[in-house]
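Asks:
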Amino acid sequence: MEKMENKNIPKHVGIIMDGNRRWARERNLSTLDGHLAGYEKMRQAPEWFFSRGVEILSVFAFSAENWNRGQEEVNYLMKLIKKAVNEEIEEINKKGHKILISGRVDELPGDLPESCQEAINKTKNNTKGILNICLNYGGRAEIADAVKKMIKNKIEAEQVHEGLIKKYLYNSELPDPDIIVRTSGEERLSSFQLWQSAYSELFFMEKYWPEFEEKDVDLIIEEYAGRKRRFGGDGE
């Protein structure tokens, strides 16, 4: 797929990959089948976006609130995440994609924190698209962690400004998402990129994440290209 010409391509797209469980339920499949279908789609999506000129894709892979789900489901999700960072990394590296992971990675079970760091290290010099995996992530938790780091560094109240807070967020070098997409028909951010989304365009899709197709990337880019971004300026 050639990069789309004459289009206002978003540099950074965020995706809340929602609807795996409902997709499975409507097909009389298990919840685990739904997550596997969602995982397969996540393997394909980065190349679809990067081939069209998007430079950064942030995906909401596991929320800090997801620990409240059933033990079998959580264990399976951890197994899929481990598979992604261990088994898929060679293919990702071959494609030239750079992996970043945002969230409380050190709280993940077993050797997952080390596996995540290894994936980051292995792909750190790649330049053909950045995949930012939000893992054990929550927007409020991210802001709380930033405040804790600032206190630890003895930042004085008069030194605090928006730019400084951003520097203490996870992977703060990334620009804010231009557009955040949520699948499954739900219309909320669910604590995804709360600080960064202040001026992001929002786009809600009815289809479940396992139904996401390559042509939907074109739809997202078309939608973004048709929006007028004013960043709090005049209405005209």
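In the numbering used here, the protein residues as written are -19 to 216. We put the CB at the ideal spot given by N, CA and C, even for glycine.
(1) Residues in its own chain within less than 6 Å of E53 by CB, not counting five upstream and five downstream?
(2) Residues bridged to E181 by DSSP?
(3) Nearest CA to the CA of E98: which residue from K146, F184, E122 and E68?
(4) If you run the structure through DSSP and keep just helix, strand and coil, what is I201?
(5) Can you name, in chain order, every residue of its own chain whose Cβ lies under 7 Å from the Cβ of G18, other than the five neighbours on each side?
(6) Give every residue of the same chain whose Cβ lies closer than 7 Å to the Cβ of D86, excluding the five residues on either side of it in the sequence, and list them in chain order.
(7) Just checking, does the region 74 to 90 make contact with the region 102 to 109 on the three C-beta pairs under 8 Å criterion?
(8) Determine the direct distance from the alpha carbon of E153 to that of H141, and round the result to whole angstroms.
(9) Could you tell me which residues DSSP puts in a beta bridge with Y150?
(10) Whose CA, out of I201, G206 and E136, lies closest to the CA of F29?
(11) Kindly indicate which residue of G50, S180 and L88 has the alpha-carbon position closest to the one of K62.
(12) Expressed to the nearest angstrom, what Euclidean distance is found between the alpha-carbon atoms of K(-9) and W3?
(13) Output the distance between the C-alpha atoms of E216 and R207, rounded to the nearest integer angstrom.
(14) If you follow the beta strand (DSSP E) that A41 is in, where does it begin and where does it stop?
(15) Measuring alpha carbon to alpha carbon, tell me which of F40, V34, L199 and A25 ends up nearest I113.
(16) Consult DSSP for Y56 and reduce its assignment to one of helix, strand or coil.
(17) Sorted by chain position, which residues of the same chain lie with C-beta nearer than 6 Å to G(-6)'s C-beta, five sequence neighbours on each side aside?
(18) Can you list, in chain order, the residues of its chain whose CB lies under 8 Å from that of L16, leaving out five sequence neighbours each side?
Replies: Taking the coordinates as given:
(1) Take E53, set aside five residues on each side of it, and the residues of its chain with a beta-carbon closer than 6 Å to its own are T11, in chain order.
(2) E181 pairs with I159.
(3) Cα-wise, what sits closest to E98 is E68.
(4) Helix.
(5) These residues qualify, in order along the chain: M(-3), N0, W189 and P190.
(6) Closer than 7 Å at Cβ, skipping near neighbours: P93.
(7) The way I'd put it, the region 74 to 90 does touch the region 102 to 109; three or more beta-carbon pairs between them come closer than 8 Å.
(8) Distance between the alpha carbons of H141 and E153 is about 17 Å.
(9) None, per the DSSP bridge assignment.
(10) F29 has its Cα closest to that of I201, out of I201, G206 and E136.
(11) Nearest neighbour of K62 by Cα position, chosen from G50, S180 and L88, turns out to be L88.
(12) Approximately 29 Å, taken between the alpha carbons.
(13) Here the model assigns E216 a pLDDT of 49, short of 50, so the residue's position is not dependable, and the following value carries that caveat. If I take the Cα positions, the gap works out to 12 Å.
(14) In the DSSP assignment, A41 falls within the beta strand (DSSP E) that extends over I36 to S43.
(15) The option with the nearest alpha carbon to I113 is F40.
(16) DSSP places Y56 in helix when its eight states are reduced to three.
(17) Residues of the same chain with a CB within less than 6 Å of the CB of G(-6), apart from the 5 flanking positions on each side, are S38, P157, I160 and Q173 in chain order.
(18) If we look at L16 and ignore the five residues flanking it on each side, its Cβ neighbours are L60.
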